[in-house]
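Quick note on this note's numbering: the sequence shown kicks off at -16 and runs consecutively. Quick reminder that beta carbons are idealized off the backbone N, C-alpha and C, glycines included. Notes follow the structure.
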Amino acid sequence: MTQEMVHSSGIVTVEEDNSWRYGEKNTNDSVSVTIVPELFKTADNKYLTGVGPKATTVYIRSGIPLAKITSGANVGSYGPYDKQATDGRQTKIAGLLESMVSVNINLSGWDVDDPLVGMTYRGDIVASKLPVKPESGAVWGGEFYDVEDDVVKPLSASAGAAGTPGPAGKDGATITKIELTQDTSSKAITAGKATLSNGQTVNITIS
-16 MTQEMVHSSG IVTVEEDNSW RYGEKNTNDS VSVTIVPELF KTADNKYLTG VGPKATTVYI
44 RSGIPLAKIT SGANVGSYGP YDKQATDGRQ TKIAGLLESM VSVNINLSGW DVDDPLVGMT
104 YRGDIVASKL PVKPESGAVW GGEFYDVEDD VVKPLSASAG AAGTPGPAGK DGATITKIEL
164 TQDTSSKAIT AGKATLSNGQ TVNITIS
């Protein structure tokens, strides 16, 4: 079950959308990083929610893919992953913005109370429900799995993503796909099946 949070944005009421999470959030899956708020300000407002002509507060959406800045004035900070960027943010997705970040709008521009935010670096997600979806060839850091229709797809190299070697068996076979079986009434995962690179399948027992 995902947690929903409701915020007031002047005239607009904003409900935090955590549908990109698959299941409950873990307590040890995030780190604190510093973001550069101005990088989330774009003409199409794709990173924001609560936008309106009279809104005094807008919110940077949770679940936005973040990337580390490795060149320029903001080295070491983070911004939205962008394959068109030239400051390092085009290289790899480091994690996902853990929670919405409030931005106050005043005469001088944007004002963020604290640019230190939580970044989720591992876990099960529903990639199709991310507020901004990376291109299919994007490189993922951390340890992320995309769970959709009970099929688990590794996204990160450490999770055995496509094109990266996972743990090998005696004959060198690696896991290429995991399918899970879910009880329709309880929604609990009851079993599964792993497909190997040699074409064999292995049944997964859930205890």
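DSSP beta-bridge partners of residue i
i: residue 15; result: 101
i: residue 165; result: 172
i: residue 128; result: 107 and 137
i: residue 87; result: 40 and 94
i: residue 177; result: 161 and 185
i: residue 80; result: 102
Check whether residue i and residue j have beta carbons under 7 Å apart
i: residue 117; j: residue 48; result: yes
i: residue 95; j: residue 86; result: yes
i: residue 70; j: residue 60; result: no
i: residue 161; j: residue 177; result: yes
i: residue -3; j: residue 25; result: no
Option in the options with minimal Cα separation from residue i
i: residue 0; options: 81, 11, 72 and 14; result: 81
i: residue 111; options: 130, 93 and 71; result: 130
i: residue 157; options: 114, 69, 187 and 179; result: 179
i: residue 19; options: 182, 175, 63 and 169; result: 63
i: residue 46; options: 113, 84 and 9; result: 113
i: residue 134; options: -3, 35 and 165; result: 165
i: residue 12; options: 167, 102 and 65; result: 102
i: residue 181; options: 159, 172, 31 and 40; result: 159
i: residue 29; options: 51, 43, 187 and 88; result: 43
i: residue 39; options: 67, 167, 93 and 15; result: 93
i: residue 8; options: 127, 32, 65 and 119; result: 127
i: residue 68; options: 140, 22, 16 and 88; result: 22
i: residue 66; options: 58, 51, 56 and 34; result: 51
Distance cut-off 6 Å: residue i Cβ against heavy atoms of the ligand ZN
i: residue 94; result: With respect to the ligand ZN, the structure shown offers nothing to examine, as it has no ligands at all.
Are the region 75 to 87 and the region 108 to 124 touching, with three or more C-beta to C-beta distances below 8 Å? Of all C-beta pairs linking the region 75 to 87 to the region 108 to 124, three or more are shorter than 8 Å, placing the two stretches in contact.
If contact is defined by three or more beta carbon pairs under 8 Å, each pair taking one atom from either stretch, is the region 98 to 115 in contact with the region -5 to 4? yes
Length at least 3, wholly inside the region 2 to 62: the beta strand (DSSP E) runs in chain order: Assignment of beta strand (DSSP E) within the region 2 to 62, counting only whole runs of 3 or more residues, yields 13 to 17, 40 to 43 and 48 to 51 in chain order.
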